[in-house]
Amino acid sequence: APVSVADIRKSFLDFFASKGHTVVPSSPLVPGNDPTLMFTNSGMVQFKDVFLGTDKRPYVRAASVQACLRAGGKHNDLENVGYTARHHTFFEMLGNWSFGDYFKRESLKWGWELLTEVYKLPKERLLATVYIDDDEAYDIWHKEIGLPADRIVRIGDNKGGKYKSDNFWMMADTGPCGPCSEIFYDHGPHIPGGPPGSPDEDGDRFIEIWNHVFMQFDMKEDGSVVKLPAPCVDTGMGLERLAAILQHVHSNYEIDIFEALIGAAARETHTTDLANPSLKVIADHIRATAFLVSDGVIPGNEGRGYVQRRIIRRAIRHGYKLGQKTPFFHKLVPVLVDKMGAAYPNLARQAQRITEVLKAEEERFYETLANGMEILDAALAGDQKVLPGEVAFKLHDTYGFPLDLTNDVCRERGVTVDEAGFDTAMERQKAQARAAGKFKMDKALEYTGAGNAFVGYEALEAPAKVV
Ligand code: ATP
Ligand code: MG
Ligand code: MG
Ligand code: MG
3 APVSVADIRK SFLDFFASKG HTVVPSSPLV PGNDPTLMFT NSGMVQFKDV FLGTDKRPYV
63 RAASVQACLR AGGKHNDLEN VGYTARHHTF FEMLGNWSFG DYFKRESLKW GWELLTEVYK
123 LPKERLLATV YIDDDEAYDI WHKEIGLPAD RIVRIGDNKG GKYKSDNFWM MADTGPCGPC
183 SEIFYDHGPH IPGGPPGSPD EDGDRFIEIW NHVFMQFDMK EDGSVVKLPA PCVDTGMGLE
243 RLAAILQHVH SNYEIDIFEA LIGAAARETH TTDLANPSLK VIADHIRATA FLVSDGVIPG
303 NEGRGYVQRR IIRRAIRHGY KLGQKTPFFH KLVPVLVDKM GAAYPNLARQ AQRITEVLKA
363 EEERFYETLA NGMEILDAAL AGDQKVLPGE VAFKLHDTYG FPLDLTNDVC RERGVTVDEA
423 GFDTAMERQK AQARAAGKFK MDKALEYTGA GNAFVGYEAL EAPAKVV
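Residue numbers for the sequence shown follow the UniProt record's numbering, beginning at 3 and rising by one.
As structure tokens, then:
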């Protein structure tokens, strides 16, 4: 079976090409002209208008390997990085699509064929979920594919919020959506976690690898759904999760690409314990931030630029935690390009620029990081369980600590941040600035931008689920 990441990509595309699919290149991380979405979070994003019927392509079947980012906005996985075996901010999604052509039967059968005959995954390790009342998908799995009933789980839309999983996929709060059927791989009883739909499903034993979405609706802003012009298929499989299985490791962070990045991060931060979770965070974040620069996103105080800044600073803080007191992060770029430049030539072409952008941001943040950490450490010295919002605000305002960075430090120490207090402090400072008549447009943008523009996006896209 194919095992290198390059082989896995190729086998996937070859398989779907042999089933009449047109292979389409990955689209940029910044979706073209779509204010409902901060970043490309799945392979279907570039086809959104095709599903909606407002765009047409010369093909009705497509396949791709799509660079995705899940940080900020819907499907935000920033908080999972360093904590689970399966989540990245940046990852690659293998996907196939039918635009009003084939539907559930072909999608599930081809999926099964690819996994068990091309990638040769052991059948007895695979489970499937279906949407709660989707008897059609259930019967395809059970009667046609032959999956035993005890390995098919019916899952709802999570409206009751009992467990985290749901089987109704949405790109964003509006837009194409539909019920789905997901394929899970059992990494074995030595790993904690329960099957999908169980109370401890959030563990890393049963890892979701492939989602087949049966796109049938367009979700409107008021929550109503309108039928799409034709039923479509949208699938997405995490390349790193599949690679972990094929390379006989459990965690995504143990596959070849990550082995190299974690090794480099350890070298640059003089860390000997390769299992240190901060190394995973750094390895994840170099991919996200380098790809973001290559797609034109530079660190800034608002919108996408602020997400970029948050990810970079978070990585730097993890380096600092490992004892690194000078810029190191940008030095990982050559290793990344070595591992991913062949598949993403734009990344390779821009290596120099990426290095410069990251280095400048590092130098800037290192000017205030040590002093900010001193203040934070002092504030956390007692045994209180809440960090005052005033402190978080001062760190944000004076030391350039994004709120989520402060949250990240506090979480490591079992402390929560008084975010309401943070908001109050932010509001008060804005009011004071206005009262003092210092409200010049340029200054105002610079100083409220961090919170405001970003909150604008969050407001557009409802709070992210951590599933
Ligand atoms: P999970 O429940 O594990 O968070 P998901 O249900 O949010 O995954 P989907 O939105 O269904 O994921 O995306 C399709 C596929 O993309 C998943 O089945 C998984 O293989 C992969 N994937 C999703 N999120 C990530 C991530 N943060 N890092 C790596 N792969 C991911
Ligand atoms: Mg899913
Ligand atoms: Mg998720
Ligand atoms: Mg899921």
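Even for Gly, the Cβ is constructed at its ideal location relative to N, Cα and C. Source: prediction; values computed, not measured.
In the DSSP assignment, find the alpha helix (DSSP H) that holds phenylalanine 17 and state where it starts and stops.
7-20
Could you round the C-beta distance between phenylalanine 395 and methionine 428 to whole angstroms and report it? I think they count as a contact, below 8 Å.
6 Å
Could you tell me whether the region 14-26 touches the region 37-44, where touching means 3 or more Cβ pairs closer than 8 Å?
In the pairwise beta carbon analysis, the region 14-26 is classified as not touching the region 37-44: fewer than three pairs are separated by under 8 Å.
Rounding to the nearest angstrom, what Cα-Cα distance links tryptophan 171 and threonine 237 in this structure?
11 Å
Cβ of threonine 291 within 8 Å of Cβ of glutamate 223?
no
When you measure from the CB of asparagine 43 to every non-hydrogen atom of ligand 2, does any distance come out below 7 Å?
no
What is the residue span of the beta strand (DSSP E) that residue 1 lies within?
Only positions 3 to 469 of the chain appear in the structure, and residue 1 is not among them; the question remains open.
Go ahead and label leucine 276 buried or exposed: buried means 16 or more other beta carbons lie within 10 angstroms of its beta carbon, across all protein chains shown.
exposed
Determine which residues share a DSSP beta bridge with aspartate 220 and list them.
For aspartate 220, the beta-bridge partners assigned by DSSP are Pro178, Val228.
Residues bridged to phenylalanine 356 [DSSP beta-bridge criterion]:
Looking at the sequence shown, residue 356 is not phenylalanine but isoleucine. According to DSSP, which records beta bridges pairwise, isoleucine 356 is partnered with nothing at all.
My understanding is that glutamate 363 touches arginine 311, with C-beta atoms under 8 Å, so please give their C-beta distance in whole angstroms.
7 Å
Pull up the distance between the alpha-carbon of glutamate 115 and that of leucine 71, whole angstroms please.
Cα to Cα, the separation comes out at about 28 Å.
Which residues bound the alpha helix (DSSP H) around valine 417?
Careful: valine 417 lies outside any alpha helix (DSSP H) and carries neither H nor E.
For asparagine 278, count neighbouring C-beta atoms within 10 Å of its own C-beta (all shown protein chains included) and say buried if the count is 16 or more, exposed if not.
buried
May I ask you to report which of helix, strand or coil DSSP gives leucine 71?
strand
For a test of the three-state rule: what should DSSP assign to leucine 447, helix, strand or coil?
Low confidence applies to leucine 447: its pLDDT is 48, below 50, so where it sits in the model is not reliable, and the reading given next is rough at best. In the structure shown, leucine 447 sits in a helix (DSSP, three-state: H, G or I).
Compare the beta carbon distance of proline 301 and isoleucine 288 with 8 Å and say whether it is the shorter of the two.
no
Would a C-beta distance cut-off of 8 Å place threonine 118 and aspartate 206 closer than the cut-off?
no
beta-carbon glutamate 210 near ligand 2 non-hydrogen atom, thresh 7 Å
The answer is yes for glutamate 210.
What residue range does the beta strand (DSSP E) around glycine 149 cover?
It should be pointed out that residue 149 corresponds to leucine in this sequence rather than to glycine. Unbroken run through leucine 149: none, as it is neither H nor E.
May I ask you to check if the CB of histidine 214 is nearer than 7 Å to at least one heavy atom of ligand 3?
Answer for histidine 214: no, Cβ out of range of ligand 3.
Just to confirm my understanding: we take proline 191, look at its own chain, exclude 5 residues before and 5 after, and list those with CB closer than 8 Å. What are they?
Arg207
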